[in-house]
Amino acid sequence: MLERVLILIVGLVASLILVIKSADLFVDNLVDLGSSLGISEVILGVTASAIGTSLPEFGSALIASLSGSTDIGVGCVIGSNIWNIAGILGISSVVAGIIETNADGLKRDFSATLVTG
Numbered sequence: 001m002l003e004r005v006l007i008l009i010v011g012l013v014a015s016l017i018l019v020i021k022s023a024d025l026f027v028d029n030l031v032d033l034g035s036s037l038g039i040s041e042v043i044l045g046v047t048a049s050a051i052g053t054s055l056p057e058f059g060s061a062l063i064a065s066l067s068g069s070t071d072i073g074v075g076c077v078i079g080s081n082i083w084n085i086a087g088i089l090g091i092s093s094v095v096a097g098i099i100e101t102n103a104d105g106l107k108r109d110f111s112a113t114l115v116t117g
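Read in full-length UniProt numbering, the sequence shown has 112 at position 112, and its numbers run on one by one without any break.
Shown next as C-alpha cells:
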C-alpha cells in the first residue's frame, strides 16, 4: 500500500514538472514564432489563452464522441459557450461595477441556482 502511494506521488510530481517545462517551452516557441511573423505578444497571449481555455472542452467532447456519447460531446460544446457568454459577462459586469449587488441578492440568487441545478 505504501509503495503504491509513493509511486503515485512520484508520478504526480513528475507529471507536474513535465507540464511546467512544456508550458515554458510552448511560450518560448510561441514568442519566437510570433516575432518571426511580426505578431505582437499581446495577440499571441490572447490567442494562447483562448486555445488553452478551450482545450479541456475539446478533449471532453472528443472523448465523448469517440466513445459513442455524442450527446455529451454536444453538451460540452453548448455548455461551454453558454458559460463563456453568460457567466463571464456577468462576473465581469459585477467586478467592473456595471451591475451593483448586495449580500441579500447574492444569497437569494445563489440559493435559487443551487435549487434549480
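Even glycine gets a Cβ: it sits at the ideal position worked out from N, Cα and C.
All figures in this text were calculated on a predicted structure; none of them were measured in a lab.
Taking only three categories from DSSP, how would you classify residue i?
{"i": "glycine 68", "result": "coil"}
{"i": "asparagine 102", "result": "coil"}
{"i": "glycine 97", "result": "coil"}
{"i": "glycine 38", "result": "coil"}
Assuming residue i and residue j are in contact, meaning their beta carbons sit under 8 Å apart, how far apart are those beta carbons, in whole angstroms?
{"i": "alanine 64", "j": "isoleucine 51", "result": "Between isoleucine 51 and alanine 64 the Cβ distance is about 20 Å, and since that is not below 8 Å, they are no contact."}
{"i": "serine 80", "j": "glutamate 100", "result": "Contact doesn't hold; Cβ gap of about 28 Å is too wide."}
{"i": "alanine 14", "j": "leucine 30", "result": "That belief does not hold up - the Cβ atoms of alanine 14 and leucine 30 are roughly 24 Å apart, past 8 Å."}
Looking at residue i: is its Cβ nearer than 7 Å to the Cβ of residue j?
{"i": "alanine 86", "j": "cysteine 76", "result": "no"}
{"i": "glycine 34", "j": "leucine 18", "result": "no"}
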